[in-house]
Amino acid sequence: MITRTTDRMTYCLEHPTKKLLLMPVEPFEPNPSCYVCSETPLLLDVNTKVTKLKEVIDKIIKSKLGMNLPLVMIGSTLVFEDGDGLEEDEAANYALNLEKVLAELPAPVINGTKLTVEDFQQELSCSINIKHREEFDEEKEPDGMVLSGWSAPVEKQINSNGENKSAASSSSARATDDTVEDPSKPGMKRKLDELLETKENCDASSSAQVVEDDDDCTMLDGNPALIKKKRLQ
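Taken in order, the sequence shown gives residues 1 to 233; the numbers are from full-length UniProt numbering.
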């Protein structure tokens, strides 16, 4: 009897690999910076009396959560929808809601209200719990709102020593440009400029040797119209 010990997710390959079109693999670990994978609920600290719906959509839903065409519901009331195919009266109504503060929406947003946000284009959905807060630090919290339960994606990879890999690579590249190892003396290093100068001298010597080995040359005497060929001794 076969017992399933773990779940699998399956990719459909564009080009067959080892005569296989379907490739089953173990699921990846949940990304802690992904609000969809995270088990931590989203909590938004915001002043519901002065903050407009447009600010929440632009600064939180689009900028932080990455939704392109969001749909915002408060309970069973749809207060905003973005995208093509909207009727003119619907689009006008949603445009009016954008300029309203949260507490004055058709379904007022107050402390403890839960927003349901969806993006059908990306098939994303989440809930945001609202916590009313009136004071914010202008330097640390310039948006006038704070989203908890979400973390920004890590853009730079950090190696095991805690150093930035890209920075380490750049430093290594600069070190390689500045110095190179001398094969004749292991462990010793000298400047790249010195090696380049040595190489240029070698090239010049080789060119001079070629000229000396050439017995025949063309010389011009006092009369430019008369050319004589002389043999070097």
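Just so you know, even glycine gets a beta-carbon here, dropped at the ideal spot from N, CA and C.
Taking a cut-off of 8 Å on C-beta distances, the region 84-91 does not touch the region 131-139, as fewer than three cross pairs fall below it. Secondary structure of L86 (DSSP, three-state): coil. In this structure, N129 lies near L42, with their beta-carbon atoms less than 8 Å apart. DSSP places D45 in the strand class (E or B) of the three-state scheme. Per DSSP, L53 is one residue of the alpha helix (DSSP H) stretching across 53-56. Here N68 carries a coil assignment [DSSP, helix/strand/coil]. The Cβ atoms of D45 and K131 sit closer than 8 Å to each other. Note: S148 is bridge-paired with L43 in the DSSP secondary-structure output. Proximity to D58 across N68, Q121, M9 peaks at N68, based on C-alpha coordinates.
Shortest Cα-Cα distance from P27 to any of E99, L20, Y11, K49 involves Y11.
A distance below 7 Å between beta-carbons, with the five flanking residues on each side excluded, links D7 to the following residues of its chain, in chain order: P27. For I110, the three-state secondary structure derived from DSSP is coil. Short of 7 Å from the beta carbon of T51, and not among the five residues preceding or following it, lie these beta carbons of its own chain, in chain order: V101, L102, G144, M145. DSSP places L124 in the uninterrupted beta strand (DSSP E) bounded by 124-132. Closest option to C126, judged by alpha-carbon separation, among K49, T77, I61: I61.
A distance below 6 Å between beta-carbons, with the five flanking residues on each side excluded, links L71 to the following residues of its chain, in chain order: E81, E118. Closest in C-alpha terms to F120, from the list V56, L13, G66, L53, comes G66.
Counting only the Cα atoms, M73 lies some 14 Å from N93. Assignment of beta-bridge partners to V79 by DSSP yields no partner.
In the three-state reduction of the DSSP assignment, L20 falls in the strand class, which pools E and B. Take the alpha-carbon of A107 and the one of G83: they are about 22 Å apart.
Burial check for T113: the Cβ neighbour count within 10 Å reaches 16 or more, so the residue is buried. A buried status is given to L147, since no fewer than 16 other beta-carbon atoms sit within 10 Å of its beta-carbon.
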